[in-house]
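Undergrad:
Numbering (the numbering used here), first residue to last: 429 to 682.
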């Protein structure tokens, strides 16, 4: 699979994977800041997201295989892997499927465990937007506001909206496949193994995704790991506290 990506900077290779409903475009600004620290940053669209191909399957083993194929295509030698939320699950799964194929791992606000489905309302809101007759983003936002009250979350979701070659609005997301696989997206890792490479788990202070009771599991599966809690951040650590995010990342890598 030919994944879409954006690359900035020169230096040690780093691959960044976004979360559910996201894309590499969400990482453009912060990628440039990271690149200035001496890294060649590859921000990648995972399958069924952004400008990457749509596929009928969406599971962590498949996402890990996509990442492995991307690393081989780009000729990257033991890159640093960074993943947020769903992307964090992908890089953890990759570490378990492809040992010794990366140097360091950074997992942002997700734990190696299963999560209950909690995106049903968002999916319902996206499906409620009549793409064929939609006239504007403002109209889409008004409809989505009936399902999601937080403007910044709606803005994030509506970045997936674009006009196709016929001038009709469409989703970059493969919404039917994501809806069909939403329980799989929340599932635990497949065939977990002990990962000994240096790993950073970064979590938001106000987020419930990585709980204190998750720490023993993290320590068991990733014995060479540290956990850094970013003050004042919720799940969107890199967007809400970008300076603290970059500082934590660079401190770990150096």
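Note that beta-carbon positions come from the ideal geometry of N, C-alpha and C, so glycine has one too.
Only a predicted model underlies this, so the values are computations on that prediction, with no experimental measurement involved.
Considering only the alpha carbon of each residue, which of 488, 470, 461 lies closest to residue 503?
TA: Nearest option by C-alpha distance: 470.
Undergrad: How many angstroms separate the CA atom of residue 592 from the CA atom of residue 598?
TA: Computed Cα separation, rounded: 6 Å.
Undergrad: Roughly how many angstroms lie between the CA atoms of residue 676 and residue 528, to the nearest whole one?
TA: Their backbone Cα atoms lie some 24 Å apart in a straight line.
Undergrad: Apart from the five residues just before and just after residue 434, which ones in its own chain have a Cβ nearer than 6 Å to its Cβ?
TA: Within the same chain, residue 434 has close Cβ partners 452, 471.
Undergrad: From the DSSP secondary-structure annotation, give me the bridge partner or partners of residue 457.
TA: Per DSSP, none; premise fails for residue 457.
Undergrad: Applying the 10 Å Cβ sphere with the 16-neighbour rule, what's the burial state of residue 460?
TA: Result: exposed.
Undergrad: According to DSSP, is residue 584 part of a helix, a strand, or is it coil?
TA: Note: residue 584 maps to helix in three-state DSSP.
Undergrad: Do you know whose CA, among 635, 509, 562, 640, lies nearest residue 590's CA?
TA: Out of 635, 509, 562, 640, 562 has the C-alpha closest to the C-alpha of residue 590.
Undergrad: Quick one, are the C-beta atoms of residue 666 and residue 536 less than 8 Å apart?
TA: In contact: residue 666 and residue 536 (Cβ atoms closer than 8 Å).
Undergrad: For residue 630, report the span of its beta strand (DSSP E) as first-last.
TA: That run of the beta strand (DSSP E) goes 627 to 632.
Undergrad: How would you call residue 540, buried or exposed, if buried means at least 16 neighbouring beta carbons within 10 angstroms?
TA: Classification for residue 540: buried.
Undergrad: Take the Cβ of residue 682 as the centre, count every other Cβ of all protein chains shown within 10 Å, and call the residue buried at 16 or more, exposed below.
TA: Per the 10 Å Cβ criterion, exposed.
Undergrad: Should the stretch 624 to 641 be regarded as contacting the stretch 475 to 495, the criterion being three or more beta carbon pairs within less than 8 Å?
TA: Taking 8 Å as the limit for Cβ pairs, the verdict is that the stretch 475 to 495 does not touch the stretch 624 to 641.
Undergrad: Nearest by alpha-carbon distance to residue 506: which of 517, 514, 526 is it?
TA: Nearest C-alpha to residue 506: 526.
Undergrad: Does the stretch 438 to 448 come into contact with the stretch 471 to 487, if we say contact requires no fewer than three beta-carbon pairs (one atom in each stretch) closer than 8 Å?
TA: Short answer: they touch.
Undergrad: Run through DSSP, which three-state label would residue 645 get?
TA: DSSP places residue 645 in helix when its eight states are reduced to three.
Undergrad: Keeping to the same chain, check which residues put their C-beta closer than 7 Å to that of residue 611; ignore five residues upstream and five downstream.
TA: So the qualifying residues of the chain are 545.
Undergrad: At what residues does the beta strand (DSSP E) containing residue 444 begin and finish?
TA: It spans 440 to 445 - the beta strand (DSSP E) in which residue 444 sits, taken as one unbroken run.
Undergrad: CA-CA distance, residue 660 and residue 520?
TA: Cα to Cα, the separation comes out at about 25 Å.
Undergrad: If I follow the unbroken alpha helix (DSSP H) through residue 530, where does it start and stop?
TA: Neither: residue 530 is in no alpha helix (DSSP H) and is coded neither H nor E.
Undergrad: Tell me whether residue 602 is buried or exposed, calling it buried when 16 or more other Cβ atoms sit within 10 Å of its Cβ.
TA: Classification for residue 602: buried.
Undergrad: Candidates 552, 509, 548: which alpha carbon is nearest residue 532's?
TA: Of 552, 509, 548, the residue nearest in Cα terms is 509.
Undergrad: In whole angstroms, give me the CA-to-CA distance for residue 439 and residue 680.
TA: Whole-angstrom Cα-Cα distance: 16 Å.
Undergrad: Based on DSSP bridge pairs, tell me the residues matched to residue 589.
TA: In the DSSP output, where bridge partners are listed per residue, residue 589 has 599.
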